[in-house]
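The structure under discussion appears below in the form of structure tokens.
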Amino acid sequence: MSLGGHLLELRRRLVIAALALVIAMVVAFLITDPIISFITDPIRQVAKARGDDFAALNFGTVTAAFDMRMRIAFAIGIFLSAPVWLWQIWAFIMPGLTRKEIKYTLGFVGAAVPLFFAGCYVGVLVMPHIIELMWGFTPKGAVNFYAAQDYYDFVFKLMIVIGVSFIIPVFLVALNLAGIMSGRGILKAWRIAVLIACVFAALATPAADIVSMLLLAGILIVLFFAAAFLSMLFDRRKRKRDKEFLEGSAV
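Taking my numbering, the leading residue of the sequence shown gets 1388, the next gets one more, and so forth.
Have a look at this one:
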């Protein structure tokens, strides 16, 4: 295919992906009420536990409520339309991949997507603890009115950051399969990995929330060691195949 043909193909697939995103956003916009109720449930839980009736989202401008719904619709729309735009990207680059590269790519996506959503779920579990902890610093006689846009940014960024952190071990395995890093090399860096996991968990959670920090750091450390041992297993299989190939060539 010529360069012009590639550009036309790219434009066609981008249009399809954009249309899928728009349709998904429309669907997501219709279900923003239960989504807003879900992400604000920690506020109601903590308020009920503390007997505080002065806790709610605050929409400071005329269009703030609509803007928040649009942002939620865009974020959820990306997830809902993911099968379409991922397939469009895959279909565009697949003709240039070898069979081995296609196999590795499918394995990478198959492992990364569940881990990402698992990370988002951990973010949902950690979020109420963070809100409760921060609530405890409210001075006596003060009230908690959360700016809707800031609260949404906090929830969304927390889920995305933790979700992405769960994918890092998959990148380590991918580097191993590409021959860039060995399993033993990954395992030797365990001290640095543990330190990075603890620092990341401390930054992603409030300094005083030890439980959430240990939970997040523990999961990241377990995923790191799982990636290291899986890479060592792949290295062992590779050495075995190379040995059999050499023995067969000698015969």
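C-beta atoms are modelled at their ideal positions from N, C-alpha and C, and glycine is treated no differently.
Pairwise C-alpha distance: residue j and residue i
i, j, result
"F1504", "S1552", "11 Å"
"R1486", "G1494", "12 Å"
"R1431", "V1581", "35 Å"
"V1414", "I1567", "43 Å"
"D1454", "G1510", "23 Å"
"L1512", "G1605", "14 Å"
"R1458", "N1563", "38 Å"
"T1592", "I1549", "10 Å"
"A1451", "Y1533", "13 Å"
"A1443", "M1546", "21 Å"
"F1466", "G1528", "41 Å"
"F1612", "L1620", "12 Å"
"Y1491", "K1544", "29 Å"
"R1626", "A1561", "17 Å"
"L1610", "D1540", "27 Å"
"L1394", "M1412", "27 Å"
"G1572", "E1631", "24 Å"
"W1474", "S1424", "32 Å"
Distance CB(residue i)-CB(residue j) smaller than 9 Å
i, j, result
"A1434", "N1531", "yes"
"V1557", "A1615", "no"
"D1622", "S1569", "yes"
"S1650", "L1559", "This structure leaves residue 1650 out entirely; the chain is present only between 1388 and 1638."
"A1535", "G1447", "yes"
"I1410", "V1542", "no"
"I1669", "A1584", "With the chain running from 1388 to 1638 in the structure shown, residue 1669 is simply not present."
"L1601", "F1587", "no"
"I1476", "A1565", "no"
"V1471", "A1407", "yes"
"M1514", "P1429", "yes"
Own chain partners of residue i with C-beta closer than 7 Å, once the 5 adjacent residues on each side are dropped
i, result
"F1416", "R1456 and A1460"
"Y1538", "L1444"
"E1519", "V1433"
"A1462", "F1543"
Close-in-space but distant-in-sequence residues of the same chain around residue i (CB under 6 Å, 5 per side omitted)
i, result
"L1502", "F1553 and I1554"
"V1402", "none"
Nonlocal neighbours in the same chain, by C-beta distance under 8 Å from residue i, ignoring five residues either side
i, result
"F1479", "E1396, L1397 and R1400"
"G1506", "M1546, I1549, G1550, V1551, S1552, F1553 and I1554"
"I1418", "I1463"
"G1392", "none"
"I1508", "First, the residue type needs correcting, since residue 1508 is Tyr and not Ile in the sequence shown. No residues qualify anywhere along the chain."
Residue i CB to nearest heavy atom of the ligand SAM below 8 Å
i, result
"V1511", "Ligands in the displayed structure: none, and consequently the ligand SAM is not present."
Subject >> Segment contact, 8 Å Cβ cut-off, at least three pairs: the region 1562 to 1576 with the region 1505 to 1523 >> reply: no
Original post:
Mind pulling the beta strand (DSSP E) runs of 3 or more residues that sit fully within the region 1520 to 1586?
Top reply: 1531 to 1534
**OP:** Identify every run of the beta strand (DSSP E) within the region 1392 to 1459, keeping only runs that are complete inside it and at least 3 residues long; order them along the chain.
**Re:** 1442 to 1445
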